[in-house]
Each structure stands twice: as C-alpha cells, then as structure tokens.
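Enquirer: This structure is in structure tokens; I'll ask about it shortly.
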Amino acid sequence: MFLVSFPPLVTAQCKAGIVGTFPHVNARTSEQFDQWLTDIKNSLAAHSASHPSATAAPYGVNLIVHRTNARFEPDLALVVKHQVPFVITCLGHPGKVVEAVHAYGGTVFCDVTSAAHARKSVDAGVDGLICVGAGAGGHASNQSAFSLVREIREFWDGCLVLGGGINDGHQIRAAEALGADLVYMGTRFIATQESNAQQEFKQMVIDSDVSDLIYTDRLSGVHANFLKPSLDKWGVDVSTLPPKAPDMSSLTDTTAKLWKDLWSAGQGVATIHDAPAVAALVSRIADEYDKACRLGPSQALRRSSTAA
Ligand SMILES: Cc1cc2nc3c(=O)[nH]c(=O)nc-3n(C[C@H](O)[C@H](O)[C@H](O)COP(=O)(O)O)c2cc1C
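Pasting the structure below:
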C-alpha cells in the first residue's frame, strides 16, 4: 500500500509466515529502492537462519506499469538485479514484467478488477491473478467478489487471489469456497504496529465504519475508496471537483498529498477495532481460519474475529 507498506511491515509479514509486498514507489528514489531490497533480503535471510522450523515467507514488489511512471524501467532493472521472488503488476500491461521476471525464475501476479482485464493478463503469461473486488481499499472495482471470482473462474484455472474487504479467517475460508486459492489483505494491515501509516490514520481506520467511506474517481481519476473524515479535515468536497483524467503521477511524490493526507481504506474498516503487532494479527487470523474450517460455514460465519 502506497505510503503504508514500508520494509518494517513487509519483513514483519514475511517473518509471520505471509507474503509481504510493497509498491516500489514507496522508496523515494531508485537508489533507496535498491537499498530496501538489500535490507529486506538480509533481514529475511537472518530470520530464516535463526528460525529453521519457521522460515520467512517470500517478499514481493508491486510495480506500477503505467506510462506516466518514470520509475518503471529503472526499478524493473533493480527487481531483476535482486531477483525479487514475487512481483505484482498493476495499472498497465504486464507483458514486459513477465518476460523479465520469468527469465530468472520469479513469479508474476497481476492485479485485476474485471474479467476483461484478467483475460489480457492471462494472455500476457502471468502466473496468477489478484482479483480486487468491490469494497477494497485503494483503487477498487464496483463488481462484487461473488460475481468477479466466478466470472474469472469460467476461463482461468490458475492461481487466483481474492482481495477486497477481507480481514479475518472466516472470510479466508469463504474466499476458498468461492474458488480463490489465496487472499489479499490491505486495509487490515494499515492498523498494525509496524505499518507506516500516521497514528491518526490508524485511529481513523479503527474508528470508521462503512458510512465513513466515499467511492470516487474525482481525486485520482480512477475510482477508489477514501476515508471521508480525512477529506473533511482538508476541506475537500468531491461533489465540487471536476472529472479528472487518470494520472498515475498521483502515485509519486509530485501529488503525494492525495495519499499522504487524504487517506484511502476499504470496507474492511467495518470490523477493524485494534492495531496489533503483525505476528499477533496473523496468529489470530490463523486461529479464526482453523475454527472456520472445524465449525463449518454456517456456524463459523456467526462468530466475529473479535469474539473468536
Ligand atoms: C492506503 C492504501 C494504499 C494502496 N496503495 C496501493 C498501491 O500503491 N498499489 C496497488 O496496486 N494497490 C494499492 N492499494 C490496494 C491494495 O493493494 C489492495 O488491492 C487492497 O488494499 C485490498 O483490499 P482491502 O484494502 O479491502 O483489503 C492500496 C490500498 C490502500 C488501502
């Protein structure tokens, strides 16, 4: 997540046994990106050496494949140099990334918000699809996960990851029943000790419910969910803003205010009530998942994560 997923969050996630990823533009320069990749690799290698029975999960990088992103080419070269094991592409055609990452044996998944986008990614040779359904944080589709997953499963047998409003082990179990192999979680990890989000942002995620979200394309040119209290604080009324052309330069430093001060979160805010350490959160989610598997869906889904 832009301005949220920095190396402390990524390494904590991997050490807790889940894949931690970050958008390459979180590093302010390509030089810093290079250094972060070295630091992450060293930190995970040291952890795995000292925990042979609980080695770290792979880390990943999210590459913004958009013509307005001047960092794309130099940072793809750094991904290749460090042989980043897992690469996610978003906002553009993944073909070039697939070619470069497959050459060293890495894995490429592509973020998709529609079946049409999924078909293009499959044709480009990606190894997996990350289907981001309605209610997700950041740029989100308005297609229900129920509809999106089943539509994509009509033509895609490969690895499918589901994202959008997923916070707990019960939802992971439900995603599996729907046809997903893995899940993608963003908003839940904003409110963790290791996240780079400002304290006020974490608290807003905890205090907000779904009525505090606004789904608009007026801020970045692409529909995304934002926390209304953060817009109110800066006097931003999206109903008065003109349409904006999609411009991914808003994901870089030039207009960072959009993500730095006007905060995005998804419908997961409905059930986020704390900001735990990542290891404690992952352990709680694993317990919920086990319980959901043992109890079966009808009973499991009656129990909320905090009541588990
Ligand atoms: C604050 C925030 C920043 C995000 N930044 C990015 C980003 O830079 N690149 C990207 O591909 N997705 C970004 N996302 C979307 C996430 O990668 C993911 O698709 C989403 O968080 C999943 O839905 P959830 O938030 O409901 O769990 C962001 C999401 C949030 C909440």
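When we follow this note's numbering, the leftmost residue of the sequence shown carries the number -18, and every step to the right adds one.
The beta-carbon is built from N, C-alpha and C at its ideal position, and this holds for glycine as well.
1) By Cβ distance, which residues of its chain are closer than 7 Å to Pro75, with the 5 residues on each side in sequence left out?
2) Can you check DSSP and say which residues form a bridge with Asp92?
3) Between the C-alpha atoms of Leu232 and Arg275, what's the straight-line distance to the nearest angstrom?
4) Spatial neighbours of Ala156 within its chain, please: CB distance less than 6 Å, with the 5 preceding and 5 following residues excluded, ordered by chain position.
5) Mapping DSSP to helix, strand and coil, what is His120?
6) Decide yes or no for the touch test of the region 16 to 27 against the region 188 to 204: beta carbon pairs closer than 8 Å, at least 3 of them.
7) Write down the C-beta distance between Leu212 and Ile187 rounded to the nearest angstrom, noting that I regard them as a contact closer than 8 Å.
8) For a test of the three-state rule: what should DSSP assign to Phe3, helix, strand or coil?
9) Within this structure, are the beta carbons of Ala258 and Gln174 separated by less than 8 Å?
10) By the DSSP assignment, the alpha helix (DSSP H) with Tyr270 in it spans what residues?
11) I need the straight-line Cα distance from Leu110 to Val93, nearest angstrom please.
12) Mind the definition here: the region 32 to 41 touches the region -18 to -2 only if three or more C-beta pairs lie below 8 Å; say whether that holds.
13) Please return the same chain residues whose Cβ sits closer than 7 Å to the Cβ of Lys215, not counting the five positions on each side in sequence.
Expert: In short:
1) Val46, Val89, Cys91, Ser102, Ala105, Val107
2) Ile111
3) Only weak support is given to the placement of Leu232: the predicted model assigns it a pLDDT of 43, under 50, and the value that follows is read from those uncertain coordinates. Their Cα atoms are separated by approximately 42 Å.
4) Leu143, Val164
5) strand
6) no
7) Between Ile187 and Leu212 the Cβ distance is about 18 Å, and since that is not below 8 Å, they are no contact.
8) strand
9) yes
10) 259 to 276
11) 7 Å
12) yes
13) Rather than Lys, the amino acid found at residue 215 in this sequence is Trp. Counting only Cβ-Cβ distances below 7 Å, and skipping sequence neighbours, we find Asp242, Leu243.
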